[in-house]
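Protein chains in written order, with the numbering used here: chain A, 73 to 239; chain B, 3 to 17.
Heads up, the beta-carbon is just placed ideally off N, CA and C, and yes, glycines get one too.
All of these numbers come straight from a predicted model, not from anything done at the bench.
As structure tokens, the structure follows; a few thoughts come after it.
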């Protein structure tokens with residue numbers, strides 16, 4: 073498992089989800105996306121790292137990780153979609169929203185964001201059938217009461233590029 | 003083969 077010189081996936085993600093960030097830092101978020109696209113096993117490794125951050129007990133770390141996940145879905149293409157579309161990863165999201173697992177200890181903000189993301193992918197990526205299976209299971213369980221208001225036409229439009237720093 | 007066995011092992015979380 074060769075790593076690119078300099079920053080690794082883990083170091084980009086640590087910076088992008090650092091709880092001491094005052095706001096979402098798109099330089100690091102896009103850096104993580106670019107690193108995924110550079111590495112042979114980028115998608116496989118990155119979803120494992122993301123799942124861990126999304127399950128963070130610190131709300132701000134988890135929220136930033138979900139923003140990173142959303143950006144990766146927009147910028148890292150089918151290889152990344154295929155990894156997210158496996159139950160192995162989807163189960164990690166389900167654990168966060170389900171009261172049988174971590175749901176009781178997780179903030180509503182994090183749970184809502186996960187449900188919005190899952191729903192938006194069922195619309196934007198109908199070929200990823202396991203995402204639909206996971207989402208419909210959450211509905212059957214009553215964890216999702218009704219589809220969230222997500223503008224489907226905007227779900228997979230690439231994220232904005234990092235803003236240049238002021239000189 | 004690897005992909006097939008991965009597919010077989012990929013299950014939705016029991017609820």
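C-alpha distance - residue i paired with residue j, whole-angstrom precision
| i | j | result |
| --- | --- | --- |
| residue 212 of chain A | residue 116 of chain A | 29 Å |
| residue 13 of chain B | residue 214 of chain A | 20 Å |
| residue 81 of chain A | residue 16 of chain B | 31 Å |
| residue 75 of chain A | residue 218 of chain A | Legend: pLDDT at residue 75 of chain A = 44, less than 50; position of this residue unreliable, no value from coordinates given. |
| residue 78 of chain A | residue 112 of chain A | 16 Å |
| residue 195 of chain A | residue 188 of chain A | 11 Å |
| residue 83 of chain A | residue 118 of chain A | 11 Å |
| residue 131 of chain A | residue 7 of chain B | 36 Å |
| residue 114 of chain A | residue 149 of chain A | 12 Å |
| residue 100 of chain A | residue 147 of chain A | 14 Å |
| residue 102 of chain A | residue 210 of chain A | 31 Å |
| residue 201 of chain A | residue 159 of chain A | 10 Å |
| residue 73 of chain A | residue 162 of chain A | Residue placement at residue 73 of chain A is flagged as unreliable, the pLDDT there being 45, under the threshold of 50; a coordinate-derived value is accordingly withheld. |
| residue 173 of chain A | residue 124 of chain A | 14 Å |
| residue 10 of chain B | residue 93 of chain A | 40 Å |
| residue 91 of chain A | residue 179 of chain A | 15 Å |
| residue 222 of chain A | residue 177 of chain A | 25 Å |
| residue 133 of chain A | residue 198 of chain A | 29 Å |
| residue 175 of chain A | residue 143 of chain A | 24 Å |
Cβ separation of residue i and residue j, assumed to be a contact under 8 Å, to the nearest whole Å
| i | j | result |
| --- | --- | --- |
| residue 203 of chain A | residue 157 of chain A | 5 Å |
| residue 121 of chain A | residue 85 of chain A | 5 Å |
| residue 185 of chain A | residue 135 of chain A | 7 Å |
| residue 155 of chain A | residue 126 of chain A | Contact doesn't hold; Cβ gap of about 14 Å is too wide. |
Where residue i meets chain B, residues with beta-carbon distance less than 7 Å
| i | result |
| --- | --- |
| residue 160 of chain A | 12 |
| residue 125 of chain A | Going along chain B, no residue has its Cβ under 7 Å from residue 125 of chain A, so there is no contact; the nearest lies around 19 Å. |
| residue 172 of chain A | 17 |
Minimum C-alpha distance to residue i - residue among the options
| i | options | result |
| --- | --- | --- |
| residue 182 of chain A | A:82, A:196, A:137 and A:120 | A:137 |
| residue 151 of chain A | A:105, A:127 and A:87 | A:105 |
| residue 153 of chain A | A:145, A:159 and A:206 | A:145 |
| residue 167 of chain A | A:128, A:143 and A:96 | A:128 |
| residue 95 of chain A | A:139, A:110 and A:155 | A:139 |
| residue 216 of chain A | A:170, A:176 and A:102 | A:170 |
| residue 191 of chain A | A:89, A:110 and A:206 | A:206 |
| residue 220 of chain A | A:198, A:193, A:197 and A:228 | A:193 |
Beta-carbon neighbours of residue i, restricted to chain B and to distances below 9 Å
| i | result |
| --- | --- |
| residue 209 of chain A | 14, 15 and 17 |
Proximity test, residue i beta-carbon vs the ligand MG heavy atom, cut-off 8 Å
| i | result |
| --- | --- |
| residue 133 of chain A | By its list of ligands, the structure shown contains no ligand whatsoever, and the ligand MG lies outside what it can speak to. |
Beta-carbon neighbours of residue i, restricted to chain B and to distances below 8 Å
| i | result |
| --- | --- |
| residue 213 of chain A | 17 |
| residue 206 of chain A | 14 |
| residue 187 of chain A | Per Cβ cutoff of 8 Å: no residues; residue 187 of chain A is ~15 Å from chain B at best. |
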